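Mapping of the sequence shown onto the working numbering: position 32 corresponds to residue 507, and the numbering continues sequentially without gaps. We put the beta carbon where it would ideally sit given N, CA and C, even for glycine. Note that the coordinates shown come from a computational prediction; the quantities given were computed from them, not determined experimentally. Written below as structure tokens is the structure these notes are about.
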Amino acid sequence: MNTMSRDKVFIATTSVQDFKLSNVGKAPEGYPLYRVEDRYSKSVFAKPYEQRKACFISHVLKNPGADSIKCFFYELIRLQQYHQPIHERLLFSTLDYIDQRRDCADFLLTGVIRLYYQFFDNGLLSDEFREKSKQTILNFKYWPDEPGIDSMCYWTENHHIIFSVNEFLAGQLFPDSIFKNSNKLGKDKKQEAKKRIEKWLEMRFFTGFSEWLSNVYYDEDFAPLLNLVDFSDDYEVSRRAQIIIDLMLYDMAINSYYGMFSCTHGRTYTKEKINPYVESTSDTAKLLFGMGCFANKDNMSAVMFTLSTGYRVPKVIIDIAHDNQKKEWINKQRVSINFKDAAKWGYGNKDLDSAMGLLLFGGYCHPRTFSHMVLLLDKFNWWKNKFFLEFVPFKKAIKFGDKIGLTTIIAWLLRKDMSRNVLSENNIYTYRTPDYMLSTSQNYRKGYGGDQQHIWQATLNDQAVCFTTHPGGYGMQAPNAYWHGNGFMPKAIQHKNVVVVIYNTPCIPTILLQKKIKFTHAFFPSNRFDHVIERNGWIFGKKDEGYIALYSRNPYFWQQEGEYRGAEIISHGYKNIWLVEMGRQQDYGCFNNFVYLIQQATLIFRGLNIHYYSPSIGVIDTGWSRPLKVNRQVISTSNYRRYDNESSVTDFGAKEIYIKHNDEELLLKY
């Protein structure tokens, strides 16, 4: 199973590409050909930022870029450092990729825009490349309302801002030039993009990210925002972009474990889930916080932060990221919106702006958004977009059904399967100690089909992690993915160091899964732990001074062959309850004492209800249709604040966010 494959955004799309540049040619003499691997750093490897930046630059200059389209970004560092040779053939291949309008071309154009603003006249670029890059910028398709059939993804949260910022800054570069694809002047395109940017920034400030805490897509959101900070001539746009970067880094600081953004995620991939030390934000964390790894796998934001002349991380955020020695850190926060509140947030009309806005939250086939999706398919001719080819055989039925309201009824009847992309309101709970971190999306869309959502994770170090899923399939494309796809999502409930994960796969036919798998499984890489013991149905793991205990209500067995031999625990059945309790040496003493106390604890299952006497926090009662009670007290798992932790208590939708840690503080006003 190739864990490096990239997923596609919509359901089981046929828009599969390899995300690599073609016709790159032979690297020039003296250009690095082999990787010089960096090591994960748990402690802050260098306190001054300038020293960390120098280390990152040195790492880049010794390495070729990533084995993906993002290899292009390392060339920007070579240009900044005036470090020869640059790989100009790779730069031309980047322009070719953009000109072909392949999916994720917008990522590369973000780098080309920075190159044009920052390094265009530094003397290392040929006249041929400079002219071709200008034509690439002027000829690009910046929004789906422009002419041309393509299969670029414009609509997810990350693509939405990347396309919009690229258009804004391209229009600013060439205000009086005609952009050939749209036949519009640059200054007009800039104004059109500005409206989208302002709305995107507004929603992220007040409601957070629908692709919540994504260790993949935060990396891609940083890049256009940094371009706005550095190059926008509109002060308010630049200021607000800086605020959103602050909040994203704050999200990372309060939900990371020693530089690993290894919490619950709105969207992620298998590689990042099972190898947190090489996740897409790891390079950025090591650069900005001093902990992590210059992994050179799938990162572009570390380069953009290094090149930025206008952004610096507030000290309070760095201090919070460094404060990993608290005995107990609890963060609760709410992100995204409910579709029933769409009008409140400005998406109440059936028009193109509302429809594109709702797609930011995965509003493809949700009962409240399906008619908006039909509008987009028609107006943008997305019937020919490869992301949506699955709609084409039903085009007439969909259009007729939309007119009479039948599609909404069908979407409601099949909502648990058809709305699996939805990234709606989510309440996040993260519990961190010096020896482990546990993070969960509380009771998030239980029983609904999922896509790339990562509901919960326990992290003990850079490799020892644990999580469960109901696999969507045996492939690598969500939802039919084995580890980062979700057949149907659980009810996961966390209180401090304990999480209960209840699976209740509905007895409904599915049209978006190749088959409905009749088991749930846990990722528990035994060879990454110092010690693993099985007692009385429990599986115990020790890593350094952190402990984990895992229990499956249904009988389980270890995978005995293949890539996940000794790392996967399988439990048959459509219904199951997994229970996890975390501990540490400081609280339990030796590992054997932790094992003894947990295995002796009262544990009773009644159907999909559980009664558990946790040695650390007391009696836990909950179930599929029952609230969480701890020591007979009902614990709310919904309607969280925007932020609720010791550094910030901010109401959802508030106009100001105040962050304080020790003597440092930060007040963000939209």
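Under 8 angstroms between C-beta atoms of residue i and residue j
i, j, result
"Tyr978", "Pro965", "yes"
"Ile544", "Tyr572", "yes"
"Ser914", "Gln932", "yes"
"Gln526", "Leu782", "no"
"Ser516", "Met912", "no"
"Ser652", "Leu613", "yes"
"Thr882", "Ile873", "yes"
"Val973", "Ala967", "no"
"Trp687", "Asn901", "yes"
"His841", "Val897", "yes"
"Thr611", "Val640", "no"
"Lys1018", "Asn936", "yes"
"Phe814", "Gly832", "no"
"Asn1120", "Lys807", "yes"
"Thr756", "Phe736", "yes"
Assumed close pair residue i, residue j - CB separation to whole angstroms, cut-off 8 angstroms
i, j, result
"Pro909", "Asn799", "6 angstroms"
"Thr1125", "Tyr1115", "Going by Cβ atoms, the distance from Thr1125 to Tyr1115 rounds to 11 angstroms, so no, they are not a contact pair."
"His996", "Ile1110", "Their Cβ separation, rounded to whole angstroms, is 28 angstroms, which puts His996 and Ile1110 out of contact at 8 angstroms."
"Ser626", "Phe862", "6 angstroms"
"Phe615", "Leu584", "6 angstroms"
"His1170", "Pro503", "One cannot answer for residue 1170 here, as it falls past the ends of the chain, which runs 476 to 1145."
"Pro981", "Phe994", "The pair is not a contact, with the Cβ atoms about 16 angstroms apart (cut-off 8 angstroms)."
"His797", "Phe836", "Actually they are not in contact, since the Cβ atoms of His797 and Phe836 sit about 33 angstroms apart, beyond 8 angstroms."
"Pro789", "Asp721", "6 angstroms"
Nearest neighbour of residue i, chosen from the options [CA to CA]
i, options, result
"Tyr710", "Gly767, Gly785 and Pro503", "Gly785"
"Tyr733", "Asp625, His740 and Phe520", "Phe520"
"Leu1141", "Ser639, Ser1123, Leu660 and Arg514", "Ser1123"
"Gly948", "Gly837, His847, Gly925 and Leu1143", "Gly925"
"Phe845", "Ser894, Phe869 and Val973", "Ser894"
"Val791", "Tyr1145, His1136 and Lys1144", "His1136"
"Val535", "Lys517, Gln555 and Ser811", "Gln555"
"Phe681", "Tyr591, Arg1117, Ala777 and Glu1121", "Arg1117"
"Ala1127", "Lys659, Phe531, Trp820 and Leu834", "Note on residue identity: the sequence assigns Phe, not Ala, to residue 1127. The residue with the shortest Cα to Cα distance from Phe1127 is Trp820."
"Leu1072", "Ala967, Leu722, Ile1023 and Val810", "Ile1023"
"Ala886", "Asn896, Arg843, Tyr906 and Val778", "Arg843"
"Tyr923", "Leu935, Phe814, His945 and Asn972", "His945"
"Ala728", "Leu496, Phe994, Tyr906 and Lys537", "Tyr906"
"Ser429", "Glu550, Gly661, Ser518 and Lys517", "Because residue 429 is not part of the residues shown, which for the chain are 476 to 1145, the question remains open."
"Pro1146", "Glu1056, Glu1121, Trp857 and Leu1103", "Nothing about residue 1146 can be read from this structure; the chain reaches only from 476 to 1145."
"Asn690", "Lys669, Asn641, Tyr744 and Ile672", "Tyr744"
"Glu754", "Phe764, Phe769 and Ile561", "Phe769"
"Asp1062", "Glu1020, Gly1093 and Tyr1039", "Glu1020"
"Ile637", "Trp675, Leu613 and Lys607", "Trp675"
"Asp542", "Leu508, Leu700 and Arg564", "Leu508"
"Asn1011", "Gly1041, Gly950, Ile986 and Gln1074", "Gln1074"
"Glu677", "Val778, Leu852 and Val712", "Val712"
"Ile1079", "Phe1069, Glu1009, Leu1054 and Phe1066", "Leu1054"
"Lys669", "Lys655, Phe697 and Ala716", "Ala716"
"Asp578", "Asn860, Leu660 and Ile1095", "Asn860"
"Asn498", "Phe567, Arg714, Phe654 and Phe1015", "Phe567"
"Ser685", "His1047, Ala698, His635 and Ile1095", "His635"
"Cys628", "Val1094, Phe855, Cys941 and Ile1045", "Phe855"
"Tyr475", "Ile718, Phe706 and Tyr693", "There is no way to answer for residue 475, as the model of the chain reaches only from 476 to 1145."
Exposure of residue i, with buried meaning 16 or more beta-carbon neighbours within 10 Å
i, result
"Phe547", "buried"
"Asn1051", "buried"
"His740", "buried"
"Thr489", "Note on Thr489: pLDDT 30, under 50, position unreliable in the model; the coordinate value appears next. Thr489 is exposed by the Cβ-count criterion."
"Val491", "Confidence is the limiting factor: at Val491 the pLDDT is only 33, short of 50, which leaves the residue's position unreliable, though a coordinate-based value still follows. It is exposed - the Cβ of Val491 has fewer than 16 other Cβ atoms within 10 Å."
"Gly646", "buried"
"Glu632", "buried"
"Glu1036", "exposed"
"Asp892", "buried"
"Cys738", "buried"
"His1006", "exposed"
"Gly876", "buried"
"Lys664", "buried"
"Asp1138", "exposed"
"Val1108", "With the sequence shown as reference, residue 1108 is identified as Gln, and Val is not the correct amino acid for it. Classification for Gln1108: exposed."
"Tyr692", "buried"
The ligand MG heavy atom lying under 7 angstroms from the CB of residue i
i, result
"Phe942", "Questions concerning the ligand MG fall outside what the structure shown contains, since it holds no ligand whatsoever."
Ranges of the beta strand (DSSP E) found wholly within the stretch 999-1023, counting only runs of at least 3 | Runs found: 1006-1010 and 1013-1018.
What alpha helix (DSSP H) runs, 4 residues minimum, are completely inside the stretch 1050-1084?
-> Secondary structure in the stretch 1050-1084: the alpha helix (DSSP H) runs of 4 residues or longer, each lying completely within the stretch, are 1060-1063 and 1066-1075 in chain order.
What beta strand (DSSP E) runs, 3 residues minimum, are completely inside the stretch 749-827?
-> DSSP runs (the beta strand (DSSP E)) wholly in the stretch 749-827: 804-810.
Would you mind listing the alpha helix (DSSP H) stretches within the stretch 518-559 that are 4+ residues and don't spill past its ends, in chain order?
-> Entirely contained in the stretch 518-559, the alpha helix (DSSP H) runs reaching 4 residues are, in chain order, 524-536 and 547-555.
Which parts of the stretch 576-629 are runs of the alpha helix (DSSP H), unbroken and 4 residues or longer, counting only runs that do not cross its ends?
-> Residue ranges of uninterrupted alpha helix (DSSP H) with 4 or more members, entirely inside the stretch 576-629 and ordered along the chain, are 580-593 and 602-614.
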